[in-house]
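So my numbering is basically just the index in the sequence shown, starting at one, shifted up by 1351. The structure appears right after this line, and notes come after that.
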Amino acid sequence: MKHSAIRHSFILFLLCCLSLFAYAQDFKTLTTELNKTKKDTNRIVALIKLGRHFKEKPVWDLKNLDTARTYFNSAITLSQAIGSTDFLHRALFEKALTFIEQEDFKAADSLFNQITGYYHKTSNYSKEAEYWTLYGNNLSFNDKRLLATRAKCYNNAYELYKKGTDRLKIADALGKIADADLNEGRFDKAEKEMLIVIQEYKAMKFPRIYYGYYLLAEVYSRKDQLQKELLTRIECINSCDADVRRSDYDASFFNIAVALSYRKNNKDSVALPYFIKGAELALKIRNQNYYYSAIDGAIGCCITIKKYRTALTYLSETPKKFPSQTLGEQSKYVARKMQLYNFLNRNEEAEKQVPAFRKVFGKLYGTLNDDPLFYAVDRFVENYDALPQHFIQTKQWTKLSDELKYLQTLPLKRLSTSSRIIISGYKYKIDSAEGNFDVALKGFQYMRRMKDSLTNATTVKQINELEANYNSIKKDKTIQSLNNNAQIQKGKLEKVNRQRNITFAGVLISVVFAVVIYIAYRGKQRSNVRLQIKQQEIDRQNHILSALLSEKEKLLADKDDLLKRQEDLLIEKEWLLREVHHRVKNNLQIVMSLLYTQSAYLQNTDAIEAIQDSRNRVQAISIIHQKLYNKSNVATIVMADYINDLARYLNTSYDCNRRRIKFREELDAVSLDISQAVPMGLILNEAITNSIKYAFDQDGGEIFIKALLSPPDTITLSVTDNGKGLPPDFELAETSSLGMEMMKALSKQLGGSFDIKSNRGVVVTIQFKVEKSSAVLPGSEVSLL
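Listed below in structure tokens is the structure:
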């Protein structure tokens, strides 16, 4: 696990770092946002966002930093123009970060001194301390060139915060100084400072005191005081568990940290549950680095306590959770695989893993010199141990000697006491195998002294007491939980007793009722005999009634069959009528065709006109049969539709459009029986034909057809033209033309009246009563051009 990198991220969170970095936004969006702003603070914010966009690009490029500084310079200029010192210093701060990225620390230092100098001059010590803190936070704790500057920043911030009354900020600032001292190797000073910080956190009842415990544990780890480290790790995880607002991220990390400390103290069985809990939380938050670290530790514990099957399960399941692996995660994976084969005495399989093992660790070895993390070399030695152990187990002493020489090339200053013990163990094994017992004995004594330096009886006692105290607290919680459960069970028992008493009372009442019912039953038993006799009579009557009902149902079924047959016959009748109308229409069409053919051979105009009139009369009847055939109702016809079709036919037949004769209609949608529709159609045909033939000259005119229903059942049909009108000496009674006689005769057939008169043209009117009407719709006026 890249322990130090994770540690640093938590230190920054511990010390309440004010993060001014934002995720890079889309350049077009930011440019649009900038263009919408005026020369005010909103524009400064937009300029700073654009600068960050280029500063925080994933691929480092000097051009990006230059572009970022251009935007920051614009923000600085605008801040000075509008007199905003706050935004001026924000822009200067962002510009200083670009110089840190470029490793131009002198330029960055100049800008930070400009910012802090202003706040110092104006006695705004809180703001000055804030910028000193930000300056220190942005200097890498791994860069030896910056350690002194970083420590200076935190010391300045601490001295400034002490002038105020905010105890939490003062404690945080001292914690930052301790972090700087830790990285510069001043472990004793860092320890004293962190003890003061923790004391302050306790006095303030600061819930996240576990960050302080974590940093103190790091100090003890660097000092190789493993028992003190473990004590502090236990305090850390206990305080973390006590914080109801702690994050799963924190809980996962601190569980792994305390588990690692237990392993250093050879308490693998105690460490295992912490590793498992850390892995579960890491999987929950999808943190691959934490998960691999926790599972790696869990596998190591399982191997030590000989739970090999469980270790194999973890080893096979891990790649399924997070398939892609970093180089460090690959090294842990192959190391645990080799270690398992060693403990299971599967030496042939272990030997096959050697090339892959050396390939992964060879790559990892090449990164150690450039890796500034404190624990990088220790982790390398700890995981690499599986290969030398394989050579020890298979007694390949020459290869073990080669591995010893390989590990002795590691930087000695970065090796902890535990790592030195591991490497010294290889030397001891080689000397023993080669018969150099004096050298081997001295090596063994050297290892014993180093191990003893890591063990302290008093501290072990404190650890046991702390563990006992922690277990006691857990036991108290368990007892409290059991007491609560006991109270619940007691309540349930009381409820059961009440229910039992109620049940007994119910049973007693039931017995009393049973006795009463039995007495009543004996009294009624005698009457039941009489009732049975009556029931038999009723059953006989019911049987007769059932027979009658069955007969009734049969008759009803026969009735349904007859009704269905009647319905089928009606449908058949309707189709037959429709066929009749169709054939009549076809026959009338044949008649019309014959008349048309006959007229083609005639030379006499009167004869031709007579035939044309006959054709029109036949067409008037044909239209009725056509509509009846096309309708679902074959008995009636809608008057308005029929008149409209007849007028359209006559319009076409006499070429009224060319003669400039127009039609206009106002019709009610009345359904007429065929017995009334035929005479009405013939009358209408004669009236319209007369108007077309005799009413108009070359200027044309209009024919107005009107058919309205007057309540309750009288239809008034009129055909009006605006033509020449009737002759002055016209008398209806003395007129004996075929057309007039037909109209008068058909009007009588309808049982109605017929009238013709002049009124700015000719008006033909008939009135008759409708025999059957199905619907009446509002009148409509239509013009046919």
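Quick reminder that beta carbons are idealized off the backbone N, C-alpha and C, glycines included.
Check	Outcome
Where in the segment 2021 to 2099 do unbroken runs of the alpha helix (DSSP H), each at least 4 residues long, occur, reported from the N-terminal end onward?	2025 to 2045
What residue range is occupied by the uninterrupted alpha helix (DSSP H) comprising residue 1473?	No alpha helix (DSSP H) holds residue 1473; DSSP gives it neither H nor E.
Compare the Cα-Cα distances from residue 1511 to each of 1470, 1491, 1494 and report the closest residue.	1470
Can you tell me the Cβ-Cβ gap for residue 2069 and residue 2057, rounded? I've got them flagged as a contact below 8 Å.	5 Å
I'd like the span of the beta strand (DSSP E) that includes residue 2116, first residue to last.	2113 to 2120
Where residue 1395 and residue 1498 are concerned, what is the direct C-alpha to C-alpha distance, given to the nearest angstrom?	33 Å
Hey, quick one: how far does the alpha helix (DSSP H) through residue 1605 stretch, first residue to last?	1599 to 1615
Just to confirm, is the Cβ distance from residue 1614 to residue 1608 under 7 Å?	no
So the beta strand (DSSP E) residue 1656 belongs to, where does it begin and stop?	Premise fails: residue 1656 is in no beta strand (DSSP E) and is neither H nor E.
The ligand NAD heavy atoms versus the CB of residue 2055: any closer than 6 Å?	Summarising the ligand content, the structure contains no ligands, and the ligand NAD is consequently not present.
Can you grab the Cα-Cα spacing for the pair residue 1646 / residue 1729, in whole Å?	18 Å
Tell me which residues share the same chain as residue 1551 and place their Cβ nearer than 7 Å to its Cβ, disregarding the 5 neighbours each side in the sequence.	1518, 1522
Since residue 2104 and residue 2118 should fall inside the 8 Å C-beta cutoff, what is the C-beta to C-beta distance between them, to a whole number of angstroms?	5 Å
Per DSSP, what kind of secondary structure is residue 1559 in: helix, strand or coil?	coil
Which value, in whole angstroms, describes the spacing of the CA atoms of residue 1620 and residue 1482?	47 Å
From this set, 1603, 1577, 1560, which residue's C-alpha is nearest residue 2142's C-alpha?	Here the chain has residues from 1352 to 2136 only, and residue 2142 is not among them.
Just mark residue 1399 as buried or exposed, buried being the case when its beta carbon has 16 or more other beta carbons within 10 Å.	buried
What is the DSSP secondary structure of residue 1987, counted as helix, strand or coil?	strand
Under the three-state reduction of DSSP, which class applies to residue 1636: helix, strand or coil?	coil
May I have the straight-line CA-CA distance separating residue 1545 from residue 1479, to the nearest angstrom?	24 Å
Closest Cβ-Cβ distance between residue 2117 and chain B: below 7 Å?	This model lacks chain B altogether, as it is built from one protein chain only.
Can you give me the start and stop residues for the alpha helix (DSSP H) that residue 1334 sits inside?	Shown here, the chain extends from 1352 to 2136; a query on residue 1334 therefore has no answer.
On a Cα-Cα basis, can you pick out the residue from 1530, 2040, 1474 that is closest to residue 1501?	1530
Beta-carbon within less than 7 Å of residue 1649's beta-carbon, same chain only, minus the 5 sequence neighbours each way: which residues are those?	1623, 1626, 1627, 1630, 1665
From residue 2121 to residue 2018, what distance separates their C-alpha atoms?	15 Å
Quick one: give me the first and last residue of the beta strand (DSSP E) that residue 2105 is part of.	2104 to 2109
Assuming the contact rule is C-beta atoms closer than 8 Å, residue 1451 and residue 1489 should be a hit. Round their C-beta distance to whole Å, please.	6 Å
Mind the definition here: the segment 1588 to 1599 touches the segment 1781 to 1790 only if three or more C-beta pairs lie below 8 Å; say whether that holds.	no
In its own chain, which residues sit with a C-beta less than 8 Å from the C-beta of residue 2065, not counting the 5 before and 5 after it?	2118, 2119, 2120, 2121
In the DSSP output, what is residue 2012 paired with across the bridge?	2052
Give the straight-line distance between the Cα atoms of residue 1563 and residue 1556, rounded to the nearest whole angstrom.	13 Å
On the three-pair Cβ rule with 8 Å, is the segment 2002 to 2009 touching the segment 2073 to 2091?	no
Within its chain, find whatever has a CB closer than 8 Å to the CB of residue 1774; leave out the 5 residues flanking it on each side and keep chain order.	1732, 1755, 1758, 1759, 1766
Can you grab the Cα-Cα spacing for the pair residue 1391 / residue 1434, in whole Å?	10 Å
Do you know how far the Cα of residue 1891 is from the Cα of residue 1910?	29 Å
Using a threshold of 7 Å, state whether the C-beta atoms of residue 1449 and residue 1419 are closer than that.	yes
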